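What follows is a short report on a single structure.
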Amino acid sequence: MKRQARALEILSRLKNRYPAPQSELDWTTPWELLAATMLSAQCTDVRVNKVTPELFRRWPDPPAMAQADPAEVEKVIHSAGFFRQKTKNLIGEATIIINDYDGEVPRTMKDLTRLPGVARKTANIVLSNAFGIQEGVAVDTHVKRLAFRMGLTTSTDVKKIEQDLMKLFPKPDWGDANHMLVLFGRHVCPARTPRCNDCEMNDICPKRGVKTK
DNA sequence: ATCCCGAGGG
DNA sequence: CCCTCTGGAT
Numbered sequence: 001m002k003r004q005a006r007a008l009e010i011l012s013r014l015k016n017r018y019p020a021p022q023s024e025l026d027w028t029t030p031w032e033l034l035a036a037t038m039l040s041a042q043c044t045d046v047r048v049n050k051v052t053p054e055l056f057r058r059w060p061d062p063p064a065m066a067q068a069d070p071a072e073v074e075k076v077i078h079s080a081g082f083f084r085q086k087t088k089n090l091i092g093e094a095t096i097i098i099n100d101y102d103g104e105v106p107r108t109m110k111d112l113t114r115l116p117g118v119a120r121k122t123a124n125i126v127l128s129n130a131f132g133i134q135e136g137v138a139v140d141t142h143v144k145r146l147a148f149r150m151g152l153t154t155s156t157d158v159k160k161i162e163q164d165l166m167k168l169f170p171k172p173d174w175g176d177a178n179h180m181l182v183l184f185g186r187h188v189c190p191a192r193t194p195r196c197n198d199c200e201m202n203d204i205c206p207k208r209g210v211k212t213k
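The UniProt record's numbering applies: residue 1 is where the first sequence begins, and numbers increase by one.
Printed below as a string of structure tokens:
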């Protein structure tokens, strides 16, 4: 099957499995989503959700976080990993948002990626989920793995993979495509032991790079 | 290419 | 023990 046709068929089957896909991170404001998404680097959303209630209670917005004691923030987010760098990112992001954006999380790719710890993946999530803006396709470890296995890209470079997916998927689906691929990756096609026998993509998936034990 | 970093699973 | 988890900066 040709790549474009396969992409649309995969999208159709993903929609069938996940009629209302959404992130499993807990958040209520754009600032909380930005913080939670940055914290999710190399860490499961379950563990992010374990630290964010206290984090958001003690430092609920950019003004509070900009004034936070780094040692205290490090304690609260310790179990999420990369805690020193992530603490610097949180305080740095809050400070720039206060100084340059009047305390509001910016709504453009250019402005978001100025923030420390924020590149295209995190910015795409914030733009799509908090503001409903389809700027691109967020490419994380799940999207990267599945796009390669399913033959939607031949690249291992996240920027190139994003460009490929933007051509293959209709723009209105870009935000949902990320969520559906992440969920499908977790449920059916994890990195180590993909369950190809039980997979509804079995007949159209090239299974590129699938580890067979 | 390497580093940041803890926690859970196999 | 080794791999992986919704990455990003140097």
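All residues carry an ideal CB built from backbone N, CA and C; glycine is no exception.
Keep in mind that this is a model prediction, so the values were computed, not measured.
Please state whether DSSP places residue 67 in a helix, a strand or coil.
Taking the first residue of the first sequence as 1, we reach residue 67 at position 67. Here residue 67 sits in coil by DSSP.
Pairing CB atoms from the stretch 180–192 with CB atoms from the stretch 31–39, are three or more of them under 8 Å?
The stretch 180–192 is not in contact with the stretch 31–39.
Give the straight-line distance between the Cα atoms of residue 163 and residue 210, rounded to the nearest whole angstrom.
The sequence position of residue 163 within the first sequence is 163, counting from 1. The sequence position of residue 210 within the first sequence is 210, counting from 1. Roughly 23 Å separates the two Cα atoms.
Could you pull the start and end residues of the alpha helix (DSSP H) that residue 95 belongs to?
Residue 95 sits at position 95 when you count from the first residue of the first sequence. Residues 83–101.
When burial is assigned at 16 or more other CB atoms within 10 Å of the CB, is residue 120 buried or exposed?
Taking the first residue of the first sequence as 1, we reach residue 120 at position 120. By the neighbour-count rule (16 or more Cβ atoms within 10 Å), residue 120 is buried.
How about residue 117 and residue 86: do their beta carbons lie closer than 8 Å?
The residue labelled residue 117 in the question sits at position 117 within the first sequence. The residue labelled residue 86 in the question sits at position 86 within the first sequence. Result yes, Cβ atoms of residue 117 and residue 86 sit closer than 8 Å.
Residue 66 to residue 8, Cα distance in whole Å?
As a first step, residue 66 must be located in the first sequence, where it is residue number 66. As a first step, residue 8 must be located in the first sequence, where it is residue number 8. So the alpha carbons of these two residues sit roughly 44 Å apart.
Taking 8 Å as the threshold (C-beta atoms), are residue 48 and residue 80 in contact?
Indexing the first sequence from 1 puts residue 80 at position 80. Indexing the first sequence from 1 puts residue 48 at position 48. In contact: residue 80 and residue 48 (Cβ atoms closer than 8 Å).
Do you know offhand how far residue 56's Cα is from residue 98's?
Counting from 1 along the first sequence, the entry for residue 56 is found at position 56. Counting from 1 along the first sequence, the entry for residue 98 is found at position 98. Approximately 17 Å between the Cα atoms of the pair.
Along the chain, where does the alpha helix (DSSP H) containing residue 45 start, and where does it finish?
One-based indexing of the first sequence puts residue 45 at position 45. Residues 45–58.
Quick test of the definition: if touching needs 3 or more C-beta pairs under 8 Å, does the stretch 105–115 touch the stretch 139–152?
no
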